[in-house]
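S.K.: Supplied in structure tokens, the structure appears directly below.
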Amino acid sequence: MARVSPQNLILNPNDAPSASTSLKIGVLALQGAFLEHANMLRKLGATPVEVRLPQDLDELDGLIIPGGESTTIGKLAAQFNLIQPLHGFIQQGKAVWGTCAGLIFLAKDIGQTLNGGHVIPQRLEVLDIKVDRNAFGRQVDSFEADLSLTFSPEPFRAVFIRAPKIEAVGEGVQVIARLADGTIVAAHRDNLLVTAFHPELTDDPRFHQYFLAMIGQ
Ligand code: GLN
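Numbered by this note's numbering, the letters in the sequence shown go through residues 31 to 247 in order.
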């Protein structure tokens, strides 16, 4: 499958949906905001597939790990024997996008010991980013803010819900969105994408388009 660089795309909020009809995109449906991702994918012409079991990953072109509660998603993923198959999926080069809790699930460093001390891994720990899990604190549980994007000239109005913050990115990880104060809230490396906010809760399809462009046709 040809890989295009989404960094070379200039996406505008009102761009016509990209031709992504043939793409089958899984949405991990253990807990959290998976229906909204599926709706957005459908609007862009892709086919969403709910993923709960390892065999649900077969024949997918990419996978979204939604927001929700990362501890719960991790426990369920371990119980459903999804951790190893998800590692395999990523190693095959398939694209994976984690939003909010999904970002925490993919991050290498969330300020805990490896696997949070669990005997059975409950997170993937594949993307070299350092994350502050409840960065915005209880005072500001949810908020909206305009982000500046590297791949599109228009700001992106983003919804944050008990959101994590990316404190630092490792070598080769590209920062693709920031808050006005410079806080990093989205990053991309190879086949991995993470966003600290919830693009599926807005009408703006640019992050979903970005993800589909990572996969290409
Ligand atoms: N802070 C939550 C967690 O730790 C994530 C919140 C979200 O996904 N909206 O899982």
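Don't be surprised by glycine CBs; every beta carbon is placed ideally from N, CA and C. Everything numeric in this text was worked out from a predicted model, so none of it was measured.
Between the segment 74-83 and the segment 53-61, do three or more beta carbon pairs fall short of 8 Å?
M.R.: Segments in contact, yes.
S.K.: Determine the contact status of A125 and M244, defining contact as a CB-CB distance below 7 Å.
M.R.: Contact flag set, yes.
S.K.: I'd like to know if the segment 108-122 and the segment 158-173 are in contact, where contact means that at least 3 CB-CB pairs between them fall below 8 Å.
M.R.: No, because fewer than three Cβ pairs between the segment 108-122 and the segment 158-173 fall closer than 8 Å, the two stretches do not touch.
S.K.: Using a Cβ-based criterion (distance less than 6 Å to any ligand heavy atom), does A217 qualify as near the ligand COA?
M.R.: With respect to the ligand COA, the structure offers nothing, as its ligand set consists of the ligand GLN.
S.K.: If you draw a straight line from the C-alpha of G141 to the C-alpha of L87, how long is it?
M.R.: Each residue's alpha carbon lies about 30 Å from the other.
S.K.: Measuring only from the beta carbon, is E66 closer than 6 Å to any heavy atom that is part of the ligand GLN?
M.R.: For the ligand GLN, not one heavy atom lies less than 6 Å from the Cβ of E66.
S.K.: Output the distance between the C-alpha atoms of E66 and A108, rounded to the nearest integer angstrom.
M.R.: So the alpha carbons of these two residues sit roughly 24 Å apart.
S.K.: For a test of the three-state rule: what should DSSP assign to F190, helix, strand or coil?
M.R.: Of the three classes helix, strand and coil, the one that applies to F190 here is strand, per DSSP.
S.K.: Looking at C-alpha atoms only, which residue of T225, L154, S52, V161 is the closest neighbour of F190?
M.R.: Among T225, L154, S52, V161, the Cα nearest to that of F190 belongs to T225.
S.K.: Could you pull out every unbroken alpha helix (DSSP H) segment of at least 4 residues lying fully inside the segment 118-157, listed in chain order?
M.R.: Whole alpha helix (DSSP H) segments, 4+ residues: 131-136.
S.K.: Which residues in the same chain as A207 place their Cβ atom closer than 6 Å to its Cβ, once the five residues preceding and following it in sequence are excluded?
M.R.: Once the five neighbours on either side are set aside, the close Cβ partners of A207 are L177, L179, V215, A216.
S.K.: Verify the contact flag: I159, CB atom, against every heavy atom of the ligand GLN, threshold strictly below 6 Å.
M.R.: Result no, Cβ not under 6 Å from the ligand GLN.
S.K.: State the Cα-Cα distance for the pair E99 and W127, rounded to the nearest angstrom.
M.R.: Answer to the nearest angstrom: the Cα atoms are 16 Å apart.
S.K.: Give the DSSP-derived three-state secondary structure of P84 in the structure shown.
M.R.: In the structure shown, P84 sits in a helix (DSSP, three-state: H, G or I).
S.K.: For Q114, which three-state DSSP category applies?
M.R.: Of the three classes helix, strand and coil, the one that applies to Q114 here is helix, per DSSP.
S.K.: Please list the terminal residues of the continuous beta strand (DSSP E) segment that includes Q204.
M.R.: Here the beta strand (DSSP E) through Q204 covers 204-208.
S.K.: How would you call R72, buried or exposed, if buried means at least 16 neighbouring beta carbons within 10 angstroms?
M.R.: Flag for R72 reads exposed.
S.K.: On the three-state DSSP scale, how would you describe L60?
M.R.: Three-state result, L60: coil.
S.K.: Mapping the DSSP letters down to three states, classify R236 as helix, strand or coil.
M.R.: Helix at R236.
S.K.: Go ahead and label Q121 buried or exposed: buried means 16 or more other beta carbons lie within 10 angstroms of its beta carbon, across all protein chains shown.
M.R.: It counts as exposed.
S.K.: So who's on the other strand from R72, going by DSSP bridges?
M.R.: Its beta-bridge partners do not exist; DSSP assigns none.
S.K.: Could you check if N164 belongs to the surroundings of the ligand GLN, using beta carbon to heavy atom distance under 6 Å?
M.R.: The answer is yes for N164.
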